[in-house]
Amino acid sequence: MSSVDVEIRRHLRIGLGDASRFVDDYTIGCNSVAEGQRIVAEIRRAVTAYELDIGNEKTTIQPTNHLTYVGWQEYLQSFLPKDQEDDLSGNVIKPRRSDFDRFFYVVHDMAKRHPNLNVERFAMQISRKAFGDSEEWRFIQDHMVSSYRRNSTLIEGLVETIILRYEAHGDLEIDSLTDFVSSRLPSLAAQQRTGEIIWLLYMACKVRLRLKASVIEHLLKIPNALVNVMVYQFAQMGLVTGRISLSSLQAACSKEGLRSEMWLFAYEAARNGWSAGGPSYCSGDDYYGPL
Numbered sequence: 004m005s006s007v008d009v010e011i012r013r014h015l016r017i018g019l020g021d022a023s024r025f026v027d028d029y030t031i032g033c034n035s036v037a038e039g040q041r042i043v044a045e046i047r048r049a050v051t052a053y054e055l056d057i058g059n060e061k062t063t064i065q066p067t068n069h070l071t072y073v074g075w076q077e078y079l080q081s082f083l084p085k086d087q088e089d090d091l092s093g094n095v096i097k098p099r100r101s102d103f104d105r106f107f108y109v110v111h112d113m114a115k116r117h118p119n120l121n122v123e124r125f126a127m128q129i130s131r132k133a134f135g136d137s138e139e140w141r142f143i144q145d146h147m148v149s150s151y152r153r154n155s156t157l158i159e160g161l162v163e164t165i166i167l168r169y170e171a172h173g174d175l176e177i178d179s180l181t182d183f184v185s186s187r188l189p190s191l192a193a194q195q196r197t198g199e200i201i202w203l204l205y206m207a208c209k210v211r212l213r214l215k216a217s218v219i220e221h222l223l224k225i226p227n228a229l230v231n232v233m234v235y236q237f238a239q240m241g242l243v244t245g246r247i248s249l250s251s252l253q254a255a256c257s258k259e260g261l262r263s264e265m266w267l268f269a270y271e272a273a274r275n276g277w278s279a280g281g282p283s284y285c286s287g288d289d290y291y292g293p294l
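Note that the sequence shown ends on residue 294 in this note's numbering; no numbers are left out.
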């Protein structure tokens, strides 16, 4: 991370007393939200040069008086729908649609009153089990997708909840989920938002969504090794409908590829048998061969 530090100091002219870093977590002082957004953008640019991305779930711009809001998390948790036990029969009573309506209303209201706090992300984190076990899944899935469209930091919670639901019940609204991913991926590709692309491709693999070749082709234009790994894995699982050529990725399957920004794809291609020329370029390498 020291090279990233140099880039950040050079472009933002940050003094030693203006910022701190613990491993890969930065804390940087700023005088306004606009300045904070500029700092976030510059850090994203700096780490992209090393094929990295910042963690949206941990990146926030907060006022120094944020401790005033202590207690909001406990307040929100009190509205989280939970299973109840019937006093007479002892049977478990699942939360009703109205219970989730009330929870979403409270989340929306708190998010408006405290825009500097990522209330929606916290709500997603604490409600994954409640959502995954709900008898109102169709309503829950639609609401989560709509929330993510407004707030991209919800991507991790969205994907994790959908996968948990799929593994426990297998009753996803596949058609609407496929339409959502199919429309979202080309837009993300145009904006080079690789982190979200990787999450959605991972979800598509886990729940076995079938996507058209025309959607996946947008991702082949992104020079990102992990995106390419996920695309190849998705295609190998037979989940692409229509004809698609992955030959453009073969250029990275070489000794030169192992020393380029595509090194991760080159290594995974050799390990998984994706290289048309075989794995010898990797197995015979002084550094990658022993792996």
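Idealized CB from N, CA, C, for every residue including glycine. Computed from a predicted structure; not experimentally measured.
Note down the Cα distance separating residue i from residue j, rounded to an integer number of angstroms.
i, j, result
"residue 180", "residue 161", "11 angstroms"
"residue 108", "residue 144", "16 angstroms"
"residue 83", "residue 133", "8 angstroms"
"residue 275", "residue 290", "18 angstroms"
"residue 192", "residue 53", "19 angstroms"
"residue 35", "residue 76", "25 angstroms"
"residue 63", "residue 279", "44 angstroms"
"residue 200", "residue 94", "42 angstroms"
"residue 257", "residue 269", "7 angstroms"
"residue 234", "residue 88", "46 angstroms"
"residue 65", "residue 104", "29 angstroms"
"residue 265", "residue 231", "9 angstroms"
Helix, strand or coil, according to DSSP, for residue i in the structure here?
i, result
"residue 203", "helix"
"residue 290", "coil"
"residue 28", "strand"
"residue 51", "helix"
"residue 334", "Absent from the model: residue 334. The displayed extent of the chain is 4 to 294, so no value can be given."
"residue 88", "strand"
"residue 247", "coil"
"residue 64", "coil"
"residue 129", "helix"
"residue 3", "The chain is shown only over 4 to 294; residue 3 falls outside these bounds and no answer can be derived."
"residue 123", "helix"
"residue 256", "coil"
Buried or exposed: which applies to residue i, given that a residue is buried once 16 or more other Cβ atoms fall within 10 Å of its Cβ?
i, result
"residue 92", "exposed"
"residue 294", "exposed"
"residue 25", "exposed"
"residue 283", "exposed"
"residue 219", "buried"
"residue 255", "buried"
"residue 240", "exposed"
"residue 135", "buried"
Starting from residue i, trace the alpha helix (DSSP H) both ways and give me its first and last residue.
i, result
"residue 142", "140–153"
"residue 266", "266–275"
"residue 35", "From DSSP, residue 35 is part of no alpha helix (DSSP H); its letter is neither H nor E."
"residue 113", "100–116"
"residue 160", "158–171"
Exercise for the section: Just list the alpha helix (DSSP H) runs in the segment 204–233, keeping only unbroken ones of 4 residues or longer that don't cross its boundaries, in chain order. Expected result: Complete alpha helix (DSSP H) runs here, min 4: 216–219.
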